[in-house]
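Position 13 of the sequence shown, counting from 1, maps to 15 under the numbering used here, and the rest follow consecutively.
C-beta atoms are modelled at their ideal positions from N, C-alpha and C, and glycine is treated no differently.
Just so you know, these numbers come straight off a predicted model, no measurement behind them.
Here's the structure we're looking at; comments come further down.
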Amino acid sequence: MTEPVVPAPANASGARGRIVDAAYDLFSRRGIRAVGINAIVTESGVAKMTLYRNFASKDELVLEFLRVREQRWTRDWLQDEVARRAETPGDRLLAIFDVFHDWFQLETFEGCSFVNVLLEITEGESAVRRASVEHLATIRSFVAGLAREFGVDDPDAFSRQWHILMKGSIVSAGEGDREAARRARRLGELLLADVAVGR
Numbered sequence: 003m004t005e006p007v008v009p010a011p012a013n014a015s016g017a018r019g020r021i022v023d024a025a026y027d028l029f030s031r032r033g034i035r036a037v038g039i040n041a042i043v044t045e046s047g048v049a050k051m052t053l054y055r056n057f058a059s060k061d062e063l064v065l066e067f068l069r070v071r072e073q074r075w076t077r078d079w080l081q082d083e084v085a086r087r088a089e090t091p092g093d094r095l096l097a098i099f100d101v102f103h104d105w106f107q108l109e110t111f112e113g114c115s116f117v118n119v120l121l122e123i124t125e126g127e128s129a130v131r132r133a134s135v136e137h138l139a140t141i142r143s144f145v146a147g148l149a150r151e152f153g154v155d156d157p158d159a160f161s162r163q164w165h166i167l168m169k170g171s172i173v174s175a176g177e178g179d180r181e182a183a184r185r186a187r188r189l190g191e192l193l194l195a196d197v198a199v200g201r
């Protein structure tokens, strides 16, 4: 297996960058509810007043974390890795699970922050919850685009089926199944074969 390439912290300079990097690390590993402002202040090395000058509330900081997470994890890592590993739409869909497999082998595997947020914040229509829902829709849009190129009749419905495989493999990996992505890939192959018959 090739050494997994995963998004690394940006190690940004400046107070705001240090705050975001500290929040990114803590929220990714522990979840958003388990991490208080004091922990972020300690990790970032900035004064609490400095943190609040940059982010008026913890929710604002969580929203920035989710924005950065989408950029680093989804756009700069997952999508780029999929494109690097495969050329055709069908192979790229399956390559998602190859990338996941490498991710699941890491000791630092922490699951999907956006799914974790939905599980942590179940009440109401908070901005943080909406941001997580929108991110998951972005992932489905990425999958739907590949499905459209593959020739699937209903890319939206297909993307929802594929996304179930993706999220299910992440949850299974969180339970300790390091082969979850390979199992999901095999199901994906069946799904692709099924839609290919109808083309």
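Asked: Buried or exposed by the 16-neighbour rule on C-beta atoms within 10 Å, applied to ARG55; Found: exposed
Asked: Presumed contact (8 Å Cβ cut-off) between GLY190 and LEU95, rounded CB distance; Found: 7 Å
Asked: Distance CB(ALA17)-CB(GLU45) smaller than 8 Å; Found: no
Asked: Member of VAL43, ARG20, ALA41 and ASP196 whose CA lies at the smallest distance from the CA of GLY153; Found: ASP196
Asked: Same chain, Cβ closer than 6 Å to ARG31, five either side skipped, listed in chain order; Found: GLU112
Asked: Sequence-distant residues of its chain with Cβ nearer than 8 Å to GLU66 (five each side left out); Found: VAL22, ALA25 and PHE57
Asked: Secondary structure of ILE34, DSSP reduced to three states; Found: coil
Asked: Contact the segment 170–189 vs the segment 90–110: 3+ CB pairs below 8 Å; Found: yes
Asked: Start-end ranges of the beta strand (DSSP E) lying completely within the segment 41–98, minimum 3 residues; Found: none
Asked: Which of helix, strand or coil DSSP assigns to THR4; Found: Here THR4 scores only 42 on pLDDT, less than 50, and its place in the model should not be relied on; the value that follows carries that caveat. THR4 falls in the coil class under three-state DSSP.
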